[in-house]
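Trainee:
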Amino acid sequence: MDTTQITDTPPPAAQPTETEQKRAARGATRPGDRIFLGFSRGSGIFLLVIMAAIAVFLTYRASLAISKDHGNFLTTFEWNTGLQEPVFGIAVLAFGTIVSSIVAMAIAVPIAVAIALFLTHYAPRKLSGPIAYVIDLLAAVPSIVYGLWGALVLVPHMNGLFGWLDDYLGWTGIFSWQGGAPRSMLTVGILLAIMILPIITNVSREVFRQTPRMNEEAALALGATRWEVIRMAVIPFGRSGVISASMLGLGRALGETMAVATVLSPTFDIQASLLDPGGGTFAQNIASKFGEATEFGRDALIASGLVLFVITLLVNGAARAIIARRAEYSGANA
Amino acid sequence: MKLQRKNRRALALGAFAVSGALALTACGSDDTGNSNGGDSSASAQAGNIKCDDAKGQLLADGSSAQKNAIDTWVKSFTAACSGVQINYKGSGSGAGVTAFTQGQVAFAGSDSALKPEEVTASKSVCKGGQGIDLPMVGGPIAVGFNVPGVDKLVLNAETIAKIFDSKITNWNDAAIKKLNPDAKLPDLKIQAFHRSDESGTTDNFTKYLIAASPANWKYSGGKAWQAKGGQSASGSSGVAQQVKQTSGAISYMELSYAKDGIVPVTVDTGASAPVEATVENATKAIAAAKVVGTGKDLSLELDRATKAEGAYPITLVTYEIVCDKGNKADTLPATKAFLRYIASEDGQGQLSAAGYAPIPDDIIAKVRTTIEGLS
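First to last, the sequence lines map onto chains D and R.
Numbering follows the working numbering, in which position 282 of the first sequence is assigned residue number 299; successive positions increment by one, without gaps.
Numbering follows the working numbering, in which position 150 of the second sequence is assigned residue number 138; successive positions increment by one, without gaps.
1. Exposed or buried, methionine 241(R), counting other C-beta atoms within 10 Å across all chains shown (16 or more means buried)?
2. Near leucine 154(D), what residues of its chain come up, given a Cβ to Cβ distance below 7 Å and the 5 sequence neighbours on each side ignored?
3. Between the Cα of isoleucine 124(D) and those of Gly322(D), Leu267(D) and Ala310(D), spot the shortest distance and give me the residue it belongs to.
4. Along the chain, where does the beta strand (DSSP E) that runs through leucine 240(R) open and close?
5. For the pair the region 157 to 175 of chain R and the region 110 to 120 of chain R, tell me if three or more CB-CB distances fall below 8 Å.
6. For glycine 91(R), collect the residues of the same chain with a Cβ closer than 6 Å to its Cβ; drop the 5 residues on either side in sequence, then sort them by chain order.
7. Between threonine 298(D) and the rest of its own chain, which residues show a CB-CB distance below 7 Å, the 5 nearest in sequence each way excluded?
8. At least one CB of chain D closer than 8 Å to the CB of aspartate 185(R): is that the case?
9. Let me know the secondary structure DSSP gives tryptophan 96(D) once reduced to three states.
10. Can you round the beta-carbon distance between aspartate 248(R) and serine 222(R) to whole angstroms, since I take them to be within the 8 Å contact cut?
11. Compare the C-beta of arginine 200(D) with all C-beta atoms of chain R and state if any pair is closer than 8 Å.
12. Check distances from the C-beta atoms of the region 283 to 309 of chain D to those of chain B and list, in chain order, the residues that come in under 7 Å.
13. Check whether the Cβ of tryptophan 194(D) lies closer than 8 Å to any Cβ atom in chain R.
14. Taking valine 78(D) as the reference, give the member of Glu312(D), Ile339(D) and Arg226(D) with the closest Cα.
15. What are the boundary residues of the beta strand (DSSP E) that includes histidine 138(D)?
16. For the candidate residues Ile191(D), Leu81(D), Gly55(D) and Ile107(D), whose alpha-carbon lies nearest to that of leucine 91(D)?
17. Determine the extent of the beta strand (DSSP E) in which asparagine 134(R) is found, giving its start and end residues.
18. Go through the region 168 to 228 of chain R residue by residue and report every complete run of the beta strand (DSSP E) that reaches 3 residues or more, in order.
19. Do you know offhand how far aspartate 27(R)'s Cα is from proline 321(R)'s?
20. Thinking aspartate 41(R) and aspartate 191(R) are a contact (beta carbons under 8 Å), I'd like their distance in whole angstroms, please.
21. Straight-line CA distance for glutamine 214(R) to serine 81(R)?
22. Answer with yes or no whether the minimum CB distance from proline 229(D) to chain R is below 8 Å.
23. Can you pull the DSSP bridge partners for tyrosine 76(R)?
24. When the Cα atoms are used, what is the spatial distance from glutamate 268(R) to alanine 342(R)?
25. So is glycine 99(D) in contact with chain R if we call contact Cβ pairs under 8 Å?
26. Take every Cβ of the region 166 to 185 of chain D, pair it with every Cβ of the region 254 to 264 of chain D, and state whether three or more of those distances are shorter than 8 Å.
27. Express the C-alpha separation of leucine 339(R) and serine 79(R) in angstroms, rounding to a whole number.
28. Secondary structure at phenylalanine 313(D), three-state DSSP: helix, strand or coil?
29. Using a beta-carbon distance below 8 Å, is isoleucine 359(R) in contact with chain D?
30. Does any CB atom of chain D fall closer than 8 Å to the CB of glycine 80(R)?
31. What residues from the region 252 to 278 of chain D come within 9 Å of chain R, judged by C-beta to C-beta, listed N to C?
32. Quick one: what does DSSP say glutamate 268(R) is sitting in, helix, strand or coil?
33. What does glycine 117(R) reach in chain D if we use C-beta pairs closer than 9 Å?
34. Smallest Cα separation from cysteine 311(R): which of Glu333(R), Asp285(R) and Ile58(R)?
35. DSSP three-state label for isoleucine 340(D), please.
36. Using a Cβ-Cβ distance under 8 Å, would threonine 194(R) count as near chain D?
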């Protein structure tokens, strides 16, 4: 075996060597290769067929509901599918889903990056292992447990923070508080931030650890401090990795269901303030309405789920675009 | 970007340990349901239960409001008739009716009577017959509050409607003071909670507001909450939890949830004395109900604007839905035996201990006759 072929540095694209050509011609005819080729191709096609079937089913059921909607599907601030003339709309849900995810990202990403940098560049080896392990465990806690913890522990303790925010930042409008129970978008955002912290931290830590030693040592040789090494070598190298880690976290935040349903006080109107109860999210709305919904009501919920699917698709597309652009000059082939 | 193997194994092990532990504790603490009276009375009543040739598995689904009552009944019934297994899944009235019209369950529980289109749908399952409603469990919906220093509160339909429509926003409002001249009402913001999920409780509560105070509640009603403002939580247990936690909170819930610091409101209906939310007073309200179902259907219409002495107007009746004819041959004996038991004096007698109201005598007598005629 020619070991140089196994590394993942791509071979020069222009002229394949003679041995490679031979190998390719011979390899394709081997029975093992052909079976594997057929198997993997079959799996790929099977996956596409399943996805297409689901998409067709969802679109069909959603179109049944939307055609009978007496409100505007995109702008109605109401969800009442049990009426003679049913009205439902996703405006509040789209707003709530996006706002809670933005709050979660704003809190989680800086903390996660800080933890990852601490674990890879500051913490003593003996400490970094256990800390990483504990963070991993956070990801294994089921979301309903976060929901229960949020409702029973976090919410009662938020009154102080909400009062403080209202006193000092209430003038912004975003942080004004009318004194309702603190079951608002900010509380949900904080809870979601805790939930997405492990995945962002983990992936960022792995990326930072891959920073080429040479780059770091070169920076040190030029007289850089440890912080300057991080700023000049580690962060630029890991940037696209951190972005993709954040997108993984964002995906989880967008779709989180039970924790949000337990902690949020959903209402079908939009509040400018993050502290006043209001809004809802797609997944939470589906979970709380599904049990009592009629056939038609379920179709309407499926329609809202499709919108969430589209939003998730757009977010993922945006993330890929960002990474593709960055990869060219950051030096990471992520 | 791949997790390294060693780490991954540690992660998997840790994840397994934690989730395993959580799953186990979740199972352990699951049984918070109200099982009053089930165990003690089971053996005593076993002699009165007629099993006939009932056997096999009975699937049922529907209203979560009557789940605790069904659980109590199932315990005593299966203790006597060991050949029958009853599996009632309380996934909600809507889900129950859907399961019934698709022929997946022998009977369904529902907080509201079948709609005409649902009766039509049931005809394909009930060969030669149709789905009918049998009133089986009643229950008062308590309007529970948590205001420091106040342990008794009288409200009428008008003030309740205004509170839940965010028209009255403070506990020392003149309208509340007028009804409670002796109470020390604090200067505290009212936090009105409603259900965030669709619910028969919401449906019945808003039907009361529409009937008793149409001028102050201008919404059309239904299982989804319609008024703007206020706060919400999921399930009766969810709103009860919020009322417990929040000073100045008020919400509506089944009576069995109004405990541990939640005080039920006494309702001024216009009768000579305000009416307390009790099981007996709910039964009095159901006694005045009219049977509006046609044929064998026994769906009830409550007089929610009632001014009768001691009749608690915010009351919910839940039904069991079965086929009058064309029940599946393999589940019919078990269905009949179980329904016969829960409509019997023993069955109804177990309800008040679990926080539910029994169905009054003349209506339950009709239910018993109908059950005997099921085929």
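Think of the CB as a built atom: it goes at the ideal place given N, C-alpha and C, for glycine as much as any other residue.
None of these values were measured; they are calculated from a predicted model.
Mentor: If we stick to the structure as given:
1. buried
2. none
3. Leu267(D)
4. Note on residue identity: the sequence assigns tyrosine, not leucine, to residue 240(R). 237 to 242 is the extent of the beta strand (DSSP E) around tyrosine 240(R).
5. no
6. Val113
7. Leu110, Gly113, Thr114, Ser117 and Val277
8. yes
9. strand
10. Rounded, the Cβ-Cβ distance is 19 Å, inconsistent with contact.
11. yes
12. Protein chains D and R are contained in the structure displayed, whereas chain B is not.
13. no
14. Sequence check: residue 78(D) is arginine here, not valine. For arginine 78(D), the nearest C-alpha among the options comes from Glu312(D).
15. Element bounds for histidine 138(D): n/a, residue is neither H nor E.
16. Ile107(D)
17. 119 to 134
18. 179 to 183 and 219 to 221
19. Note on aspartate 27(R): pLDDT 42, under 50, position unreliable in the model; no value is reported.
20. With a Cβ gap of about 39 Å, aspartate 41(R) and aspartate 191(R) do not count as contacting.
21. 19 Å
22. no
23. Ala48(R)
24. 13 Å
25. yes
26. no
27. 21 Å
28. helix
29. no
30. yes
31. Gly258, Ser261, Ala262 and Ala278
32. helix
33. Near glycine 117(R) there are no residues of chain D at all, since even the closest Cβ is about 22 Å away, more than 9 Å.
34. Asp285(R)
35. helix
36. no
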